[in-house]
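Heads up: the structure comes next, in structure tokens.
In the UniProt record's numbering, the protein residues as written are 1 to 113.
In structure tokens:
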């Protein structure tokens, strides 16, 4: 599955990928959803500091880009769950070395990846 090409997207693969994960909270959302599917309220609690408006906006954008799946359950009260698509999983895998680099070089941690 491919995401839709955004207008004005650069020819560089890194720039194109950064268009998809740009935004203060998108990488944190990806990392959180990598653990398990979550409801909106769970995500908000797991990402202290994110506003409801920004989280909803990022999730809509990520769904449009094909990296997050939104599942609506026909229940009362309504139940919506977010999870990574296979494309989202591959994006998380691609970001893992960047996480290691940040941990080692910026946070003074070890490369125990």
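Each residue gets a CB set at the ideal place from its N, CA and C atoms; glycine is no exception. Treat the numbers as computed from the prediction; the structure is a model and nothing was measured.
{"Check": "Would you mind working out which of 95, 38, 43, 90 sits nearest residue 66, comparing C-alpha positions?", "Outcome": "90"}
{"Check": "Count the other CB atoms, across all protein chains shown, that sit within 10 Å of the CB of residue 21; report buried if there are 16 or more and exposed otherwise.", "Outcome": "buried"}
{"Check": "Counting along the chain, where does the alpha helix (DSSP H) carrying residue 151 start and finish?", "Outcome": "The chain is shown only over 1 to 113; residue 151 falls outside these bounds and no answer can be derived."}
{"Check": "In the DSSP assignment, what residue or residues form a beta bridge with residue 79?", "Outcome": "73"}
{"Check": "May I have the straight-line CA-CA distance separating residue 24 from residue 55, to the nearest angstrom?", "Outcome": "10 Å"}
{"Check": "Excluding the 5 residues flanking residue 34 on each side, which residues of the same chain have their C-beta closer than 7 Å to its C-beta?", "Outcome": "84, 92"}
{"Check": "Kindly identify the DSSP beta-bridge partner or partners of residue 39.", "Outcome": "81"}
{"Check": "Would you kindly work out how many angstroms separate the C-alpha atoms of residue 69 and residue 94, rounded to a whole number?", "Outcome": "19 Å"}
{"Check": "With a threshold of 8 Å on Cβ separation, who are the neighbours of residue 73 within its own chain once the five nearest residues in sequence on each side are excluded?", "Outcome": "79, 80, 81"}
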